[in-house]
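K.L.:
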Amino acid sequence: MREPAGVPGTRDLPSPVPPHPVDRILTPGRARKYRQVLARRTARLAVVVEDCHDPHNATAIIRTCDAFGVHRVFVTTGRNSFKINRRVSQGSHHYVDLHVHRDIAGAYAELRSLGYRILVSDLSASATVGPARLQTMMSESPIALVFGNESAGVSAAANAGADGHFLIPMAGFPQSLNLSVSVAVSVYALRQTALMDDLPGDLPAAEQIACYDAWVREHKGAAAEMVMRQELGRNGEDLDVFGARESTADS
Numbered sequence: 127m128r129e130p131a132g133v134p135g136t137r138d139l140p141s142p143v144p145p146h147p148v149d150r151i152l153t154p155g156r157a158r159k160y161r162q163v164l165a166r167r168t169a170r171l172a173v174v175v176e177d178c179h180d181p182h183n184a185t186a187i188i189r190t191c192d193a194f195g196v197h198r199v200f201v202t203t204g205r206n207s208f209k210i211n212r213r214v215s216q217g218s219h220h221y222v223d224l225h226v227h228r229d230i231a232g233a234y235a236e237l238r239s240l241g242y243r244i245l246v247s248d249l250s251a252s253a254t255v256g257p258a259r260l261q262t263m264m265s266e267s268p269i270a271l272v273f274g275n276e277s278a279g280v281s282a283a284a285n286a287g288a289d290g291h292f293l294i295p296m297a298g299f300p301q302s303l304n305l306s307v308s309v310a311v312s313v314y315a316l317r318q319t320a321l322m323d324d325l326p327g328d329l330p331a332a333e334q335i336a337c338y339d340a341w342v343r344e345h346k347g348a349a350a351e352m353v354m355r356q357e358l359g360r361n362g363e364d365l366d367v368f369g370a371r372e373s374t375a376d377s
């Protein structure tokens, strides 16, 4: 592995987010942090969690994806609601693109509409691929890694609808890992090079700009809206920077 030039995550990457009227109500450090986090985000890897019942696991997964720059997380809520533990989250749930579906079929349909190849974590599968092959597959097309329920694993429907299966190689007595640990190990294995070499992400410019707007609104609320109304009055034009984002939840 190549040695990183400097401490990973500290250099300024080019950002497509232009100067924004609301920048003046953010500290320079926060405005820079938002832009730099978005500049490192990837949409080529997504995480799917099927019917997680432990709020600690659910939240740890969200925090892991935020930390390693994975932009999209899909969850299904067949028998269990997806609850966020705010103490564990430390705010990470505000900064990932969370897609909630009632069943795996809905999640798979959206993933395929976005061009993802779907791969299920399953120790019993006859055809499995490891981290090296996953890395190659991710360079060819976006991939979504599916993780099952803490006790039951992935459902038959999740297995049947997937494009393939992957495994986490292990050398000890345990045959499985805790759900949130499985996600963390898998995501880091695929993101390690990009993180250590401090490489730019691949989130489209328009999506980075939309996320920046949403994050500022989440952080500053009414103050952000007030700034935009003032800007509207000065310019005499319609600035639709805070347009509502469509929900991806199944109706």
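Numbering of the sequence shown is given in our numbering, commencing with residue 127 and proceeding in unit increments.
Backbone N, C-alpha and C define an ideal beta-carbon position, used for all residues, glycine too.
Since the structure is predicted, the reported quantities are computational estimates derived from the model, not experimental observations.
In angstroms with no decimal places, state the Cα-to-Cα distance between Ile187 and Gly279.
P.N.:
Cα-Cα distance, rounded: 16 Å.
K.L.:
Restricting to Cα atoms, I'd like to know which of Ser207, His219, Leu245 and Ser306 is closest to His393.
P.N.:
Because the chain is modelled from 127 through 377, residue 393 falls outside the range shown and cannot be assessed.
K.L.:
Between which two residues does the beta strand (DSSP E) carrying Thr202 extend?
P.N.:
Counting along the chain, the beta strand (DSSP E) containing Thr202 begins and ends at Val196 to Thr202.
K.L.:
Among the candidates Ala231, Asn275, Asp229 and Asp289, whose CA atom is the shortest distance from the CA of Val255?
P.N.:
Val255 has its Cα closest to that of Asp289, out of Ala231, Asn275, Asp229 and Asp289.
K.L.:
Buried or exposed: Glu351, going by 16 or more other Cβ atoms within 10 Å of its Cβ?
P.N.:
Label assigned to Glu351: exposed.
K.L.:
Output the distance between the C-alpha atoms of Trp341 and Val311, rounded to the nearest integer angstrom.
P.N.:
Going by the C-alpha atoms only, they are around 27 Å apart.
K.L.:
As a quick exercise: from Val133, Val196 and Pro145, pick the residue whose alpha carbon is nearest that of Tyr221.
P.N.:
Considering only alpha carbons, the answer is Val196.
K.L.:
Residues in the same chain with beta-carbon distance under 6 Å from Pro140, minus the five sequence neighbours each way, listed in chain order, please.
P.N.:
Counting only Cβ-Cβ distances below 6 Å, and skipping sequence neighbours, we find nothing.
K.L.:
Taking the C-alpha atoms as reference points, what is the distance between Leu152 and Leu329?
P.N.:
Each residue's alpha carbon lies about 23 Å from the other.
K.L.:
In chain order, what residues of the same chain lie with their CB nearer than 6 Å to the CB of Ala270, ignoring the 5 residues before and after it?
P.N.:
Cβ within range, chain order: Ala172, Val174, Leu237, Tyr242 and Ile244.
K.L.:
My output table needs one value for Arg213: the three-state DSSP class, helix, strand or coil.
P.N.:
Note: Arg213 maps to helix in three-state DSSP.
K.L.:
Measure from the alpha carbon of Phe194 to the alpha carbon of each residue in Arg156, Thr262 and Gly327, then state which is nearest.
P.N.:
The residue with the shortest Cα to Cα distance from Phe194 is Gly327.
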